[in-house]
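To keep things clear, I will list the structure first and then write my remarks on it.
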């Protein structure tokens, strides 16, 4: 499975694991139009749908208009007349350095424009988060079954929602105490046979379930394995090192502070994705009656935990167990309610 990873797949999986931002990239490593179409599909667009093509063209024009108005950029006809983000993606991977840089600039703004529109649509829908969670669970289950059918050694797959009491407890335990700071209302857990499969699994998920570029920067944890070592000890992947856009020296620069309630012996990789969900006509008729919509894609935050079978077993024992974790958090909340929280040297102390 490792030998099938391309440079593009490796770089996308690495971005997810390190919690980086695609806005810092200087190129897009894609090799074909089919690969670009796969990226569009995972973003919720059908390249063969006329309405979707029209919507994408409007997003491209909006991005270019913003750049011309705000920064007085001047784009050549190849960029300005691009019919689809696919054309821009291929230019962002091409050998013409000027076109590559300009295509990357436009693609970055396209991501932001699309995300704003998807968030706006979600705010206008007459639908609860839990209904959207169920749709995402169905989608994730289908993708994981496809992976298992293709031979990916996925031992277990689970999804869960936070309960009302769990939400209250977590907010009380956090310094901000703000609902907007909760990224794990919906959680997916995937257990692989060994740690060796984690990178290929993430690479596949980033092509068929969630867009790698909507990983929330600075929210990725990896206590399972050293990705730099993983890259260096696989000959085919190690040859890609000179072509990586971010030097391996900066692998951990975006790591968030560890959760003080989590045991040092707890092992996992986890990350947050603002995952797109394409709504069908029958769903829009129910949840957005009478609304004129330019897009049918909404985004929903979800947490992914991916770990190997041995680590999963270890996390169920001793100090790393969920029972112990929950007890530590409840103790912390109880003490905070009684006498507040004191900040000392940047750490939360009670």
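Numbering (my numbering), first residue to last: 1467 to 1816. We treat Cβ as the ideally placed atom computed from N, Cα and C, and that holds for glycine.
- Sequence-distant Cβ neighbours of residue 1698 in its own chain, meaning closer than 6 Å and more than five residues away, are 1704.
- For residue 1623, the three-state secondary structure derived from DSSP is strand.
- Rounded to whole angstroms, the separation of the alpha carbons of residue 1561 and residue 1503 is 20 Å.
- In this structure, DSSP gives residue 1717 a state outside helix and strand, which the three-state scheme calls coil.
- In the three-state DSSP reduction, residue 1768 falls in the strand class (E or B).
- Where residue 1740 is concerned, the enclosing beta strand (DSSP E) starts and stops at 1735-1744.
- Boundaries of the alpha helix (DSSP H) around residue 1526: 1516-1537.
- Scanning 1777, 1755, 1760 and 1786 for the CA closest to the CA of residue 1593 turns up 1755.
- Boundaries of the alpha helix (DSSP H) around residue 1482: 1473-1484.
- Here the C-alpha atom of residue 1521 lies approximately 37 Å from the C-alpha atom of residue 1718.
- Between residue 1627 and residue 1654, the beta carbon gap of about 11 Å keeps them out of contact (Cβ cut-off 8 Å).
- Between residue 1741 and residue 1590 a beta carbon distance of about 19 Å is seen, past the 8 Å cut, so the two are scored as non-contacting.
- In the three-state DSSP reduction, residue 1641 falls in the coil class, being neither helix nor strand.
- When secondary structure is reduced to three states using DSSP, residue 1654 falls in the strand class.
- Contact between residue 1508 and residue 1677 holds: their C-beta atoms lie close to 5 Å from each other, under 8 Å.
- Note that the stretch 1480-1500 does not touch the stretch 1537-1547; fewer than 3 beta-carbon pairs, one per stretch, sit closer than 8 Å.
- Taking C-beta separations shorter than 7 Å and ignoring five residues to either side along the sequence, the partners of residue 1495 in its chain run 1473, 1474, 1477 and 1559, following chain order.
- Collapsing the DSSP output to three states places residue 1591 in coil.
- Of the residues assessed, residue 1707 falls on the exposed side of the cut-off, its CB having fewer than 16 other CB atoms within 10 angstroms.
- Burial state of residue 1670 is buried, judged by a 10 Å Cβ sphere holding 16 or more other Cβ atoms.
- In the three-state reduction of the DSSP assignment, residue 1508 falls in the helix class.
- Residue 1682 carries a coil assignment under DSSP once its states are collapsed to helix, strand and coil.
- Taking one beta carbon from each stretch, the stretch 1714-1730 and the stretch 1515-1535 have fewer than 3 pairs nearer than 8 Å; the two do not touch.
- Selection 1510, 1674, 1650 and 1618 evaluated against residue 1659 yields 1618 as nearest (Cα-Cα).
- Beta-bridge pairing by DSSP links residue 1763 to 1744.
- The beta carbons of residue 1652 and residue 1766 sit about 7 Å from each other, so the pair counts as a contact at 8 Å.
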